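Visitor: Residue numbering for the sequence shown follows the working numbering, beginning at 13 and increasing consecutively. Yeah, the Cβ is synthetic: ideal placement off N, Cα and C, and Gly gets one too. Remember, predicted model here, so these are calculated numbers, not experimental data. Quick one: the structure is below, questions incoming.
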Amino acid sequence: MNVFVVTAIKMLRESKIRKHLKSDSPYISESDFCIERNDSKLLAISYFPDRRYYFDFEFVSETEGNLSLSPSYLMEVEEIFSIEILELEKYLANWVTYISEEISTFSHIKIINEQQFQINHLIEKFEISEEEYFTEEEVILMKERLDELKTDYQYELQKQDISINTFQEKIENFNQEVDILKELLGTYSKSGFLRKSFPSFTKLLDHEPYQIKLQKSTEWLFSNLPKKVN
Numbered sequence: 013m014n015v016f017v018v019t020a021i022k023m024l025r026e027s028k029i030r031k032h033l034k035s036d037s038p039y040i041s042e043s044d045f046c047i048e049r050n051d052s053k054l055l056a057i058s059y060f061p062d063r064r065y066y067f068d069f070e071f072v073s074e075t076e077g078n079l080s081l082s083p084s085y086l087m088e089v090e091e092i093f094s095i096e097i098l099e100l101e102k103y104l105a106n107w108v109t110y111i112s113e114e115i116s117t118f119s120h121i122k123i124i125n126e127q128q129f130q131i132n133h134l135i136e137k138f139e140i141s142e143e144e145y146f147t148e149e150e151v152i153l154m155k156e157r158l159d160e161l162k163t164d165y166q167y168e169l170q171k172q173d174i175s176i177n178t179f180q181e182k183i184e185n186f187n188q189e190v191d192i193l194k195e196l197l198g199t200y201s202k203s204g205f206l207r208k209s210f211p212s213f214t215k216l217l218d219h220e221p222y223q224i225k226l227q228k229s230t231e232w233l234f235s236n237l238p239k240k241v242n
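Below, the structure written as C-alpha cells:
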C-alpha cells in the first residue's frame with residue numbers, strides 16, 4: 013500500500029470526520045449529515061435535510077485533491093481545486109460552520125426542509141387526492157393572517173425598550189421567516205404534516221419568544237382553516 017493510500021485512509025477515518033460534523037448550533041446536529049462515500053479516492057458528504065448542501069473531496073495525488081462544495085443558499089456553488097490534503101479538515105469544519113450560521117439566522121429553514129423531505133417521501137408512497145390540498149382561497153386566507161401577524165409582532169416590539177437598529181433587525185428577520193412560510197403554504201396537505209410535527213421543534217425555539225409566537229400562530233392557522241370556501 014503506497015503512502016498516498018495510507019494518507020487517504022487516515023484522513024477518511026469516520027470518527028475523525030464526524031468530529032468536524034458537530035456544531036454548537038441548536039438547529040443542526042451530527043446526525044443531520046450523511047457520509048455518502050468514504051474510501052481512498054473520494055469523500056462525499058451531504059446535509060441530509062437538504063442535499064443541496066454537499067461536500068465532495070477527490071484525492072488526486074499524495075498531497076492534493078479537488079474540493080467541490082455548496083456552502084449555503086446565499087453563495088454560488090464554489091469549487092476549489094488542488095487544496096492540500098492536510099487542509100481538508102479545516103475546509104470541512106468551515107463548511108459545517110456556514111450551514112450552522114445560515115440555519116441559525118433563518119431558523120425555519122431546517123423545519124421546512126425536514127417537513128418537505130417527509131412530505132415528498134410520503135407522496136412517493138401514497139397517492140394523495142386533490143381534496144387533501146389547500147384550495148387557492150384557503151392559501152390566500154392564511155397568507156392574510158400571516159400578514160396580520162407581522163403587524164402584531166411590530167406592535168409588541170414597539171412596547172420594548174430597544175434601539176432602532178435592534179428593532180429594525182428583529183422586524184426584518186421575523187418578516188423573512190413569515191415570508192418563507194407564506195411561500196410554502198400551498199405545498200402542504202390538509203392532513204397536517206406540518207402542524208402535527210410542531211411540538212418536536214418547541215425546544216429549538218425556546219430562546220426566541222417571538223419565534224414561538226410565530227410557530228403557535230402558524231399552528232393556529234392550520235387548525236382553523238374554513239371547512240368550506242365558496
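Going straight from the alpha carbon of E70 to that of D191, what length do you get?
Guide: Position 58 of the sequence shown, counted from the first residue, corresponds to residue 70. Position 179 of the sequence shown, counted from the first residue, corresponds to residue 191. Near 39 Å, if we compare the C-alpha coordinates of D191 and E70.
Visitor: For R30 versus E48, is the C-beta spacing smaller than 8 Å?
Guide: In the sequence shown, residue 30 corresponds to position 18, counting from 1. In the sequence shown, residue 48 corresponds to position 36, counting from 1. No, Cβ-Cβ distance for R30 and E48 is not below 8 Å.
Visitor: Select from L193, T178 and Q166 the residue whose C-alpha is nearest the C-alpha of V151.
Guide: Walking along the sequence shown from the start, residue 151 turns up at place 139. With respect to the C-alpha of V151, the residue from L193, T178 and Q166 having the closest C-alpha is L193.
Visitor: For H219, collect the residues of the same chain with a Cβ closer than 6 Å to its Cβ; drop the 5 residues on either side in sequence, then sort them by chain order.
Guide: Reading the sequence shown from its first residue, position 207 is the one you call residue 219. Caution applies to H219, whose pLDDT of 43 falls short of 50 and renders its modelled position unreliable; the value that the coordinates give is listed next. The answer is none, since no qualifying residue turns up.
Visitor: Between the Cα of H167 and those of L100, E76 and F186, spot the shortest distance and give me the residue it belongs to.
Guide: The residue given as residue 167 occupies position 155 in the sequence shown. This sequence places Tyr at residue 167; His is not what is there. Answer by Cα proximity: F186.
Visitor: If we ignore side chains and look at the alpha-carbon of each, how far apart do S52 and Y103 end up?
Guide: Taking the sequence shown and counting its residues from 1, the one referred to as residue 52 is at position 40. Taking the sequence shown and counting its residues from 1, the one referred to as residue 103 is at position 91. When rounded, the distance between both Cα atoms is 18 Å.
Visitor: Under 8 Å by Cβ, that's how I've got E76 and I57 pegged, so tell me the actual separation to the nearest angstrom.
Guide: As a working mapping, residue 76 is identified with position 64 in the sequence shown. As a working mapping, residue 57 is identified with position 45 in the sequence shown. Not confirmed; about 19 Å, so no contact.
Visitor: Take R64 as the anchor and find which of L55, S73, V72 and F45 has the nearest alpha-carbon.
Guide: To locate residue 64, count along the sequence shown from 1; it is residue 52. Minimum Cα distance to R64 is reached at F45.
Visitor: Report the residue ranges of all alpha helix (DSSP H) runs contained in full by the segment 164-197; include only those spanning at least 4 residues, in chain order.
Guide: 176-196
Visitor: Check each candidate in K34, D164, S37 and L81 and name the one with the smallest Cα separation from L55.
Guide: Residue mapping note: residue 55 aligns to position 43 of the sequence shown, counting from 1. For the residues K34, D164, S37 and L81, the minimum Cα distance to L55 belongs to L81.
Visitor: Nearest CA to the CA of E184: which residue from E195, Y165, K155 and E149?
Guide: As a first step, residue 184 is located in the sequence shown; it is residue number 172 there, counting from the start. Closest by alpha carbon: Y165.
Visitor: Looking only at its own chain, which residues have a Cβ that is under 6 Å from the Cβ of K155, when we skip the five neighbours before and after it?
Guide: Numbered from 1 along the sequence shown, position 143 holds the residue referred to as residue 155. Hits under 6 Å: K194.
Visitor: Please state the DSSP three-state secondary structure of I40.
Guide: By 1-based counting over the sequence shown, the position of residue 40 is 28. Here I40 sits in coil by DSSP.
Visitor: Roughly how many angstroms lie between the CA atoms of E101 and S112, to the nearest whole one?
Guide: Residue 101 sits at position 89 when you count from the first residue of the sequence shown. Residue 112 sits at position 100 when you count from the first residue of the sequence shown. Computed Cα separation, rounded: 17 Å.
Visitor: Rounded to whole angstroms, what's the CA-CA distance from A105 to D36? Just pull it up for me.
Guide: Translated into positions along the sequence shown, residue 105 becomes position 93. Translated into positions along the sequence shown, residue 36 becomes position 24. Straight-line spacing of the CA atoms in A105 and D36 works out to 12 Å.
Visitor: Reducing DSSP to helix, strand and coil, say where L33 ends up.
Guide: Indexing the sequence shown from 1 puts residue 33 at position 21. Reduced to three states, the DSSP call for L33 is coil.
Visitor: Can you tell me whether L86 is buried or exposed? The criterion is at least 16 other CB atoms within 10 Å of its CB, across all chains shown.
Guide: Here residue 86 is taken as the residue at index 74 of the sequence shown, counted from 1. In this prediction, L86 scores a pLDDT of 48, lower than 50, which makes its location untrustworthy; the coordinate-derived value is nonetheless stated afterwards. Exposed, by the Cβ-count rule.
Visitor: Would you mind sorting I115 into buried or exposed? The rule is 16 or more other CB atoms within 10 Å of its CB.
Guide: Residue mapping note: residue 115 aligns to position 103 of the sequence shown, counting from 1. Answer is buried; the Cβ neighbour count reaches 16.
Visitor: With DSSP run on the structure shown, which of helix, strand or coil describes R64?
Guide: Here residue 64 is taken as the residue at index 52 of the sequence shown, counted from 1. DSSP places R64 in coil when its eight states are reduced to three.
Visitor: Give me the Cβ distance between K182 and L161, rounded to the nearest whole Å; I'm assuming they're in contact under 8 Å.
Guide: On the sequence shown, residue 182 is found 170 positions in, with the first residue counted as 1. On the sequence shown, residue 161 is found 149 positions in, with the first residue counted as 1. Not quite, the Cβ-Cβ distance comes to about 14 Å (not below 8 Å), so this is no contact.
Visitor: With distance defined between alpha-carbon atoms, name the residue in K34, F179 and I174 nearest to T109.
Guide: Within the sequence shown, residue 109 is the residue found at index 97, counting from 1. The shortest Cα separation from T109 among K34, F179 and I174 belongs to K34.
Visitor: Among E99, V72, N78 and E74, whose alpha-carbon lies nearest the alpha-carbon of H32?
Guide: Taking the sequence shown and counting its residues from 1, the one referred to as residue 32 is at position 20. Comparing Cα-Cα distances from H32 to each of E99, V72, N78 and E74, the minimum goes to E99.
Visitor: Can you grab the Cα-Cα spacing for the pair Q180 / L79, in whole Å?
Guide: In the sequence shown, residue 180 corresponds to position 168, counting from 1. In the sequence shown, residue 79 corresponds to position 67, counting from 1. C-alpha separation (whole angstroms): 39 Å.
Visitor: Going by beta-carbon coordinates alone, are E26 and N50 separated by less than 8 Å?
Guide: Against the sequence shown, residue 26 aligns to sequence position 14. Against the sequence shown, residue 50 aligns to sequence position 38. Result yes, Cβ atoms of E26 and N50 sit closer than 8 Å.
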